Each structure stands twice: as structure tokens, then as C-alpha cells.
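Encoded as C-alpha cells, the structure appears first; notes follow it.
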Amino acid sequence: METIENMVNFLEKRFRNDPGTCEWFSVPRALGRLQKLLELTSGDYGEDEAQELLDWSRMHSLVKVKEAAVPTQICPPQISSMELSDIKVGGKARKPDDAYYDKSEVLRERVPRGLCILQYKIGGEPGWKARIVVHAFHKFTGGLEDNDDCNTDPANFSYGKDYEVYFRQRAESAETIVCTQKINGEAAHFSAIEINGSILYCAGSKNVHMLFRNEADIELHRDSRYMWARSIAKTVLRDFNRMEEETRQMFISFLVMSKLTGVFEILSKDHEHVESLDHLSEPQMWFLGWSQGPPFDRETSNRSLLSLPPVDGYKIAEAFGLRPTPYSVIPLTSLQERIDYIHRNLYGVEGEVLMFVNEAQEVIGLVKKKSIWYICLRAIREKVKSAITSQMKSMNAKESPSTKVSKHTPSRRECKIKASVGPAWLLDFVMKPPSKFERTRYNGFRTRSNAASDLDCAPCTEEVNTRRKHSTKLTTMRGAFQSIS
């Protein structure tokens with residue numbers, strides 16, 4: 010394991026060779042903050058707080074804890090057993106977590122969107138030890154006027170700007186705003202820990218994480234809930250193998266020493282949302298920021314939502330060969346102008362995440378703002394999906410037993426996975442009238458032949474008139490989509 014001095018010297022050398030240094034980034038200040046962080050996180054940092062947080066989560070009625078045993082093959086020497094606990098907000102009612110976060114300051118403070126605690130037993134020692142292995146970004150939101158997926162009741166808010174309920178200070182306290190592109194992918198987290206001299210990696214999605222050392226360990230997690238965690242872990246190892254040896258070792262040491270969680274967004278053609286990912290030949294990880302769990306730095310009265318200032322974090326990520334999300338820095342006085350630009354001028358991207366940074370370089374709040382292009386496109390997709398689902402139920406009810414199952418019909422799970430790939434075939438279907446109809450038990454509607462082949466559907470030209478009866482809604486949606494594209 011590297012020393013703090015070696016780590017600082019390595020990063021200083023990389024910073025000095027970086028031609029992209031800007032006015033918002035000072036090498037001496039960045040290295041000073043990093044050195045202070047590494048000194049703070051040395052030793053048994055956070056072990057007592059991790060156990061207390063886990064006990065509290067198990068007792069809270071609005072917090073869910075999913076525990077899973079770590080395969081024994083992964084346990085380091087002298088560790089008899091290990092258990093990972095994924096923690097998230099959610100009550101008995103099946104509804105989005107926004108409703109719980111909006112009403113509870115405690116949940117906003119204690120349960121980020123991505124929290125994983127490791128418990129382990131050492132040999133014959135009594136009791137369990139605990140470590141926070143993943144602590145991602147705290148929940149944040151956008152304005153009610155532009156959220157395409159908003160589940161928020163405005164009556165729950167006490168501030169003039171609805172997103173400020175998630176801020177540590179009022180927005181007016183900010184000095185600058187770091188504007189980062191909102192990547193239209195899936196949340197991904199990565200960290201590394203050292204236990205009894207062995208280094209373990211932890212990777213996962215928003216609510217499911219796994220421990221591993223190599224690709225063989227990844228394959229030990231065969232349960233379906235690990236589907237995205239496996240993909241993220243494999244992408245991490247792939248990127249590791251492409252790093253220079255010195256850079257890779259320094260990066261692992263940095264994660265172990267700092268106890269930081271790298272927060273990413275993963276883009277994959279296997280899980281497309283609204284933005285087209287046809288150009289990708291393999292999954293990509295985009296770095297968003299560094300986050301860290303308790304204990305907090307007691308010297309600051311208002312703890313930053315990120316462990317390092319955003320630009321510092323991006324420069325450190327670049328030094329290790331990571332791919333930061335595109336970003337720019339503006340003064341607070343340009344906020345409204347920037348929001349108008351995001352809404353009206355951005356095309357082909359979801360939007361931006363705005364990070365409000367005060368004079369002390371603390372991130373006091375985050376806000377997501379989405380482009381009108383994205384909002385409209387997603388709304389159309391949801392309407393199309395609803396219409397198709399309704400038609401699917403109607404047609405499945407009319408099917409005879411002989412047509413319900415065939416060797417060409419995909420399983421329900423296969424169809425769900427492929428249907429979740431994204432809107433590419435749905436929007437294609439909306440924009441242009443189909444020329445050839447195909448059908449399956451699970452999609453329940455006829456699409457053009459290229460869309461059907463994506464779903465492995467068997468051709469069928471029956472009941473074309475039934476399909477045409479449902480075309481009025483879809484024709485209207487085609488017109489709406491074409492008018493904004």
C-alpha cells in the first residue's frame with residue numbers, strides 16, 4: 010500500500026502534465042485538500058458509525074435492508090464469514106422513494122441512493138465488524154416544471170424552489186455552479202477495501218452490490234438480482250486491464266486509503282433509455298464524483314454533499330485514466346440563463362446536473378435539469394408503452410391455447426429484458442407506419458419486420474384488422490413526435 014506522500018507526489022506529477030488546467034482548479038489547493046482527506050480516513054475510520062447506521066436501518070420502518078452472504082471463496086484469510094447489506098428507502102406501499110425523501114430530513118441525510126455495508130467475522134473473535142463499502146450521492150431532484158418522471162407533491166416543500174429541500178444551504182449561498190452533462194444510463198458504484206491484507210473490490214448498481222477480486226468471483230453471483238452488478242464489475246475489470254501498471258496500483262491504493270466511493274453512470278446498448286446508444290461497441294463508464302460515508306469532518310458546520318470539490322474530483326479521476334462527464338463552471342448569477350439553455354437548446358441529451366458550490370468549495374446542493382427534447386420524447390415513449398400494454402392484454406385474452414406457446418415464442422423474462430433495452434424500436438414504430446406486421450404472445454402487437462427481429466418474434470400476418478383498430482392513438486403519437494424532432 011502506498012503512503013500519503015507517494016500518492017500526493019503521483020497526482021502532482023499528473024496535474025503538472027495536464028494541459029487542461031483551468032482557473033477553477035488550483036493544484037496546491039487540490040493537493041492540500043486531498044492530503045487532509047487521506048489523513049482523516051486513516052486507521053479504523055468509520056467502523057463504529059457503520060455498525061450504528063446498519064442497526065438504525067434495520068429498525069426504521071421506511072428503510073429496507075437486503076442482506077446477502079458473500080461466497081466463502083472470496084473471504085480473505087482468517088475471515089470466517091462476510092455479509093453485504095444493501096440499504097434503501099422504501100415503505101410497505103409500492104411507490105417511488107421520492108415521497109419518503111420529500112417528507113423526511115433524516116432519510117435525506119442518512120440514506121443515499123446507493124448504500125452498502127459489509128459485516129465480517131475474524132477467526133474466533135466475538136461479534137461482527139462493520140465497514141461502509143459504498144456510499145453514493147444523496148438523493149437530489151429537479152424542478153417540478155421540467156421533471157418528466159416527477160412523483161413529488163408540491164405541498165411537501167417548505168422552500169420557494171422545490172429542489173432546495175435537498176440542499177445543505179440556500180442556493181443563494183453558492184458562488185459557482187458546476188454544470189455536468191446528465192448521462193442517460195444506469196447508476197454504477199465502485200470502491201475498494203483492504204481486510205487482513207487482502208484487497209477486495211465492491212461494485213454495483215443503485216441497490217445491488219457485490220464483492221469480488223477477479224472475473225471468477227463475479228461469476229459466483231448467479232442470482233438474477235446481480236445482473237447489472239455483474240455487468241458493472243466486468244466493465245471495471247476491463248478498464249483496469251487497460252490502465253498502466255503504476256496507474257492501476259495507485260488507483261487501487263487511492264480507493265483503499267481514502268475510503269471513497271466512485272460514482273459513475275454506465276452506458277450499455279443492453280439497457281438503452283431515450284438517447285440512442287447505437288454508436289457504442291462496448292459498455293462505457295462515465296465518472297460523476299467522489300462520495301464518502303460518515304463520520305463527517307467535524308471542522309465544517311455544513312458538510313459537503315461530495316467528498317471533494319467537483320473540479321478537483323474530475324481532475325483526480327482524469328489522472329487515474331477515468332472518463333469524467335463533460336462539465337463547465339459558471340457563476341451563480343448565470344443560473345437562470347443556464348436553465349433556459351438546458352431546456353430550450355439541448356438536443357439529443359437528457360440534460361445537466363447542476364452542482365452548487367459555495368466559497369469554501371463545499372457542494373451545498375445538486376439539481377437535475379432536463380431538456381425539452383428529452384422530456385417530450387420520454388413522455389411519448391411512456392404513452393406508447395401504455396397503449397401497447399393495453400393492447401397486449403386485450404389480445405392475449407383472445408388467444409387460443411394453441412397459439413399461446415410455440416418454439417419461436419420467447420419466455421416472459423426474455424421478452425421483458427429485451428423490451429427494456431429502450432425506445433429505439435418503439436420510437437421507430439411511432440415515427441413511421443409499419444410495412445410488415447409480426448406478432449408474439451408477449452408483445453401482443455404488430456411491428457415492422459426489423460423491430461420484430463430484434464425481439465426474436467415469429468412472423469404472423471393474422472388479425473391485421475385488429476392491429477389497425479388500434480392505430481388511431483399511435484398515429485396521433487407519430488405526429489406529436491415528428492413535430493418535436
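When you line the sequence shown up against this note's numbering, it's residues 10 to 494, in that order. Glycine included, C-beta positions come from ideal geometry on N, C-alpha and C. None of the values given here were measured: they were computed from a predicted structure.
Proximity winner among the options, relative to residue i (alpha-carbon distances)
i: K379; options: Q82, T12, R140 and T150; result: T150
i: L127; options: L63, S182 and H198; result: L63
i: G357; options: H282, I208 and V393; result: H282
i: G52; options: V265, L317 and I348; result: V265
i: I227; options: N216, K215 and Y210; result: Y210
i: R119; options: D107, A108, Y129 and V98; result: V98
i: G271; options: A139, A145, L375 and N405; result: A145
i: V376; options: R179, C125 and S66; result: R179
i: E173; options: M404, I192, A225 and F365; result: F365
i: S94; options: Y110, R140, S343 and Q82; result: R140
i: F34; options: E284, R103 and V320; result: V320
i: E203; options: A225, H218 and L269; result: L269
Residue i in three-state terms, based on DSSP
i: S395; result: helix
i: G41; result: helix
i: G271; result: strand
i: E195; result: strand
i: V376; result: strand
i: S233; result: helix
i: E284; result: coil
i: G132; result: coil
i: P340; result: strand
i: S262; result: helix
i: S89; result: strand
Per DSSP, cross-strand counterpart(s) of residue i
i: P335; result: In the DSSP output, where bridge partners are listed per residue, P335 has none listed.
i: K75; result: D95
i: I126; result: S94 and I141
i: W295; result: E274
i: Y495; result: Since the first residue of the chain shown is 10 and the last is 494, residue 495 is not available in this structure.
i: E361; result: Q190 and K378
i: T150; result: V376
i: S2; result: Any question about residue 2 goes unanswered here, given that the chain covers just 10 to 494.
i: V174; result: According to DSSP, V174 bridges with nothing at all.
Cα-Cα separation between residue i and residue j, rounded to whole angstroms
i: D27; j: M68; result: 49 Å
i: K45; j: V17; result: 11 Å
i: S571; j: K112; result: Beyond the ends of the chain as shown, which are 10 and 494, falls residue 571; an answer cannot be given.
i: A164; j: P135; result: Any reading at A164 needs caution, since the residue's pLDDT is 47, under 50, leaving its predicted position unreliable; the model's value is listed next. Each residue's alpha carbon lies about 49 Å from the other.
i: R247; j: L317; result: 26 Å
i: I96; j: E76; result: 9 Å
i: A78; j: K22; result: 42 Å
i: T9; j: W237; result: Nothing about residue 9 can be reported from this structure: the residues present for the chain run from 10 to 494 only.
i: R25; j: V36; result: 8 Å
i: H280; j: R234; result: 15 Å
i: R332; j: I325; result: 11 Å
i: E56; j: S262; result: 19 Å
i: L121; j: V72; result: What sits at residue 121 in the sequence shown is Pro, not Leu. Straight-line Cα distance between these residues: approximately 11 Å.
i: A369; j: Y175; result: 19 Å
i: E291; j: G133; result: 45 Å
Sequence-distant residues of its chain with Cβ nearer than 7 Å to residue i (five each side left out)
i: T256; result: F329 and G330
i: C188; result: Y336, S337, I339, R347, E361 and L363
i: G322; result: G298, W299 and L315
Chain-order list of residues whose beta-carbon lies under 6 Å from that of residue i (same chain, five-residue window excluded)
i: G221; result: First, the amino acid is wrong: residue 221 is Phe here, not Gly. Correct list, in chain order: Y210, I227 and A242.
i: S313; result: E371 and V372
i: L20; result: A328
Residues near residue i in its chain [Cβ-Cβ closer than 8 Å; skip 5 each side]
i: M252; result: F260, F329 and G330
i: N205; result: P85, P86, Q87, I88 and I131
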